[in-house]
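First to last, the protein sequences are chains V and D.
Going letter by letter, the first sequence gives residues 0 to 206 in numbering that gives the first Met the number 0.
Going letter by letter, the second sequence gives residues 0 to 584 in numbering that gives the first Met the number 0.
Ideal Cβ positions, reconstructed from N, Cα and C, are used throughout, including at glycine.
Beneath this line is the structure, given in structure tokens, with notes to follow.
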Amino acid sequence: MAHRKKVLLKVIILGDSGVGKTSLMNQYVNQKFSNQYKATIGADFLTKEITIDEKLVTMQIWDTAGQERFQSLGVAFYRGADACVLVYDITNPISFEKLDSWRDEFLAQAGPRDPENFPFIVLGNKVDQENERRVPTQKIELWCKAKNAQQPMSFFETSAKEATGVEEAFQTIAKIALQKGQDDDIFVPAATIDLSGAATKSSGGCC
Amino acid sequence: MEDGTLLSRLLRSASAVSLPVHSLSLASSKSTPALASMDVPLPALPCLKQGQLLIEVDGVQGQWEAYDVALVGNDITNLSLVYGKNDQNLKPRLIRLHSASIDLMEEIFSIITKEKTWYLCAQSQKEAEEWADAICTALESAAINSSTLINDTQRRRLSSHVTASTVKEIQTRDIFTRLDEFLEIYVRSDLHDIHRQATRGALSWSCLRNLMWRVWLGILPGTTTFDQWVPITTSSRELYTNYQQQYRFILPSSLDEDDIHYCSCPSPTNTTALLHSIYRDVIRTRCSMPYFREPHIQTMMIRILYIYAQVHPRFGYHQGMGELLAVFVYLLYIEQYPRDEQGSPRDGRWSFEAVPVDASWDDQSYVHVDKMDAPKISTYLDKQRFLSSVPFVINESTPTTSCKEAVIDILSTVTSGEFIEHDAFFLFEKLMERMDGFFSTANESTIGLHVQLEHVQFGLLSQLDPEVALHFNTMNLLPEVYLVKWVRLLFAREFPMYQVWVLWDAIFSVSSDNLSFVHYLCVAMLHEMRDEILLQDDASGIIECMKKANVSFTKIVDKAREMHERILIDEAIAMSQSIHKSGPV
Chain V
0 MAHRKKVLLK VIILGDSGVG KTSLMNQYVN QKFSNQYKAT IGADFLTKEI
50 TIDEKLVTMQ IWDTAGQERF QSLGVAFYRG ADACVLVYDI TNPISFEKLD
100 SWRDEFLAQA GPRDPENFPF IVLGNKVDQE NERRVPTQKI ELWCKAKNAQ
150 QPMSFFETSA KEATGVEEAF QTIAKIALQK GQDDDIFVPA ATIDLSGAAT
200 KSSGGCC
Chain D
0 MEDGTLLSRL LRSASAVSLP VHSLSLASSK STPALASMDV PLPALPCLKQ
50 GQLLIEVDGV QGQWEAYDVA LVGNDITNLS LVYGKNDQNL KPRLIRLHSA
100 SIDLMEEIFS IITKEKTWYL CAQSQKEAEE WADAICTALE SAAINSSTLI
150 NDTQRRRLSS HVTASTVKEI QTRDIFTRLD EFLEIYVRSD LHDIHRQATR
200 GALSWSCLRN LMWRVWLGIL PGTTTFDQWV PITTSSRELY TNYQQQYRFI
250 LPSSLDEDDI HYCSCPSPTN TTALLHSIYR DVIRTRCSMP YFREPHIQTM
300 MIRILYIYAQ VHPRFGYHQG MGELLAVFVY LLYIEQYPRD EQGSPRDGRW
350 SFEAVPVDAS WDDQSYVHVD KMDAPKISTY LDKQRFLSSV PFVINESTPT
400 TSCKEAVIDI LSTVTSGEFI EHDAFFLFEK LMERMDGFFS TANESTIGLH
450 VQLEHVQFGL LSQLDPEVAL HFNTMNLLPE VYLVKWVRLL FAREFPMYQV
500 WVLWDAIFSV SSDNLSFVHY LCVAMLHEMR DEILLQDDAS GIIECMKKAN
550 VSFTKIVDKA REMHERILID EAIAMSQSIH KSGPV
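Structure representation (structure tokens):
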């Protein structure tokens, strides 16, 4: 453990098409919002360097296509993920109901060692459209408790458009993932960022 | 200049464009006071438009400065934007507009020249449009002026000089120009030559590219005689009309109706979910183009994709399909046959025989433009012979009036703007036939996509640019990460629409069966960015620089063609060597 130079956190954003995954990522990493995002084809990622508890952490945030699921993208996208951000749209109840299947599918595909305690966070996006809200805050609260009674999942209501809650949400997921990572002792010794997840795996990590 | 020559018709069509052509009539006015005070050494150049604009300083993003700007010039060699400040110490600077293209994004417009891209910002969107229009009009007129010198006995061939202004101009082409082009491409040329020219961007000048695409995609195969073009087209339109009746739908107005069981891989039987998925993507498709923000266009796109998914349940709907469809829809829209004629070709007011074959067009383009002497051939091509012949047989005979009328009949039916939806459906359907492995999530086909992606990075790239391939391997960059979008959308996201047309010309003409030329375009794209890619020391850096890369579409087509030929030659050599070895001793 002599050269723990850089900590890499691989974070995957999942959720239905059009809930604002790309917008959230761009707001967090680039502080930008556009009304003209296009449907994500395949996947995309951005990285952001942050400091948590005096540690330099590189967050590699993966934005996925809402319609895609995993099958056509290959293992590269989800293997070695350290955390997962589930997104729904507060004006679209179906996107909320789909959270279960996104979570289940992620766990099935990524196969983390300790699925019960895998770091998830839930974001209810588009709070700037409060008057069109169709998913009451209470509902998501209950959902988070139902998933894990001892340690409910954290949730945030966000607006990628107005930057509401975005920074806090990603900070939180980074902290949770880092904590979990320390518990599990996952560190990536290489200075380069490994997109296959192979290095994370081979360095004695989570799998 | 004789009235009725192609040139005069081009001039007419140029002036018919709804652009501020009057600005050109200022040609004799003097330099403006503001510029005069800047002591601009441009004594002879007329000023076409002037005003204040913000310009991005030295290309630094977000760093704008206000300048006095003037559009000056009178021919293609000197047409420029001059910008400066009311300050004696600062010399005004010049943006040469020769072969520039203009892109408009709300109040910002960019001028893309071979050397660099300039970003300019006007007070309002309207003002930016006025600037863009003025520049496009000036470029167009300058191009026409520069071609006045060309000998009348030469025949126009296609040119690849495409700009946003060309797209506007294409819309206004009259029936004679269309007739000329049809005869040139489908009657006087051979298919091999058209293929060769198309991969060099030559269809950029075309206003009938959609016909060539129908030929390549097998809707109007090259083996079909001309008399079949109208029947084939009308019967497929009838088929689509039946689909429309069979698969009627009502787009639900809200998203939370109780009966929706939303699923992210909508099956054609789950129509509400399917419609929502399509709807969500269509409203995000090409939304920087006003055309695609029109509700009736969006509804049309939804209908086509919905019907397609119903008719082809195995393919269904996948994200990205709309992006491909949009390319067809816009092409058919731009190239539609003019709706209201000043005179119908039949009423005798327009005598075809008075139309000589004709002048030439801009020869400044990056690819060659053939100028051919029009041979004096005394034979005639009559209607019967024309209709019973197949395209691309190099028939140089002079078409008779009735033959020309037959061509007009074909054009007015096949390229009619009334059936954009029908025709786009079939172009899209034919494209999808060739993209089986690109979209389907069935297991084998998914493997198909992965095989393609690996073929690009580990096969072609290793062979054609080993250094970049090795760098990707070292950085552990997998092809799925960056290639899915390029391959699936055939680069539709990476370039403006009219440039995508040129890329698709090359893809269809070289690989109409399986679109495999797109793999070479991917490698060419990487090759064009290689210097920046090799500087990056991690995979995310590489992805970043791919996003920022400003690659010229003409360069990647040229490079891909070169690479494709190289591979073909290598294969031929390898094959002949193996024949040698295994041959009789």
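Asked                                                                                                                          : Found
CA-to-CA distance, D/Asp537 to V/Pro188, given in whole angstroms                                                              : Summary for V/Pro188: the model assigns pLDDT 46, below 50, so the residue's position carries little reliability, and this model does not support an answer.
Contacts of V/Tyr87 in chain D (Cβ-Cβ under 8 Å)                                                                               : Under the 8 Å cutoff, chain D gives no residues; its nearest Cβ is about 11 Å from V/Tyr87.
CB of D/Ser539 within 9 Å of CB of V/Thr21, strictly                                                                           : no
Chain V contact residues for D/Lys484, given Cβ-Cβ distances below 7 Å                                                         : Ile40, Gly41
Interfacial residues, the segment 83-98 of chain D to chain V, with Cβ spacing under 9 Å                                       : none
Same chain only: Cβ atoms within 7 Å of V/Lys125, ignoring 5 sequence neighbours per side                                      : Gly19, Asp88, Ile89, Thr90, Ser158
Local Cβ density within 10 Å of D/Ser140, reported as buried at 16 or more and exposed below that                              : buried
D/Ile75 classed as buried or exposed, judged by whether at least 16 other C-beta atoms fall within 10 angstroms                : buried
C-beta contact flag for D/Thr116 and D/Leu96 at 9 Å                                                                            : no
V/Gly14, DSSP secondary structure in three states                                                                              : strand
Residue span of the beta strand (DSSP E) that contains D/Trp63, given as start and end                                         : 63-71
Own chain residues within Cβ distance below 6 Å of D/Tyr246, not counting five before or after                                 : Ile306, Gln309
Closer than 8 Å at the beta carbon, the chain V residues around D/Gly319                                                       : Ala38, Ile40
D/His160, buried or exposed, once every other Cβ within 10 Å from all chains shown has been counted against 16                 : For D/His160, the pLDDT reaches just 47, beneath the cut-off of 50, and the residue's location in the model is therefore unreliable, leaving the point undetermined.
Where V/Lys47 sits in the DSSP three-state scheme                                                                              : strand
V/Thr46 at chain D interface by Cβ criterion, 9 Å                                                                              : yes
Rounded C-alpha distance that separates D/Leu93 from D/Val501                                                                  : 29 Å
Under 9 Å from the C-beta of D/Arg492: neighbouring residues of chain V                                                        : Lys37, Ile40
Cβ shell of V/Glu140 (< 6 Å), same chain only, five flanking positions each side left out                                      : none
Distance cut-off 8 Å: D/Phe418 Cβ against heavy atoms of the ligand NAP                                                        : Among the ligands in the structure shown, none appear at all, so the ligand NAP cannot be discussed.
Straight-line gap, D/Gly72 to D/Ala133 (C-alpha atoms, nearest Å)                                                              : 12 Å
Where V/Asn119 sits in the DSSP three-state scheme                                                                             : Sequence check: residue 119 of chain V is Phe here, not Asn. Of the three classes helix, strand and coil, the one that applies to V/Phe119 here is strand, per DSSP.
Start-to-end residues for the beta strand (DSSP E) that takes in V/Asp99                                                       : Note, V/Asp99: premise wrong, no beta strand (DSSP E); alpha helix (DSSP H) at 98-109.
Sequence-distant residues of its chain with Cβ nearer than 7 Å to D/Leu448 (five each side left out)                           : Gly436, Phe437
Contact list for V/Ala64 against chain D, beta-carbon separation under 7 Å                                                     : Gln318
Sub-9 Å separation of D/Leu489 and D/Ile566 beta-carbons                                                                       : no
Residue-level contact to chain D via CB, V/Gly123, 9 Å cutoff                                                                  : no
Bounding residues of the beta strand (DSSP E) (the contiguous stretch that carries V/Ala82)                                    : 82-88
Boundaries of the alpha helix (DSSP H) in which D/Gln604 is found, first to last residue                                       : Because chain D is modelled from 0 through 584, residue 604 of chain D falls outside the range shown and cannot be assessed.
Interface residues of the segment 2-34 of chain V facing chain D [CB-CB below 9 Å]                                             : Asp15, Ser16, Gly17, Asn34
The segment 552-569 of chain D contacting the segment 194-202 of chain D, beta-carbon criterion three pairs below 8 Å          : yes
D/Phe585 to D/Leu426 span [Cα, whole Å]                                                                                        : This structure cannot speak to residue 585 of chain D, because chain D is shown only from 0 to 584.
Touching by the beta-carbon criterion (3+ pairs, under 8 Å), the segment 411-427 of chain D and the segment 324-337 of chain D : yes
Neighbour flag for V/Arg132 against chain D, beta carbons, 9 Å                                                                 : no
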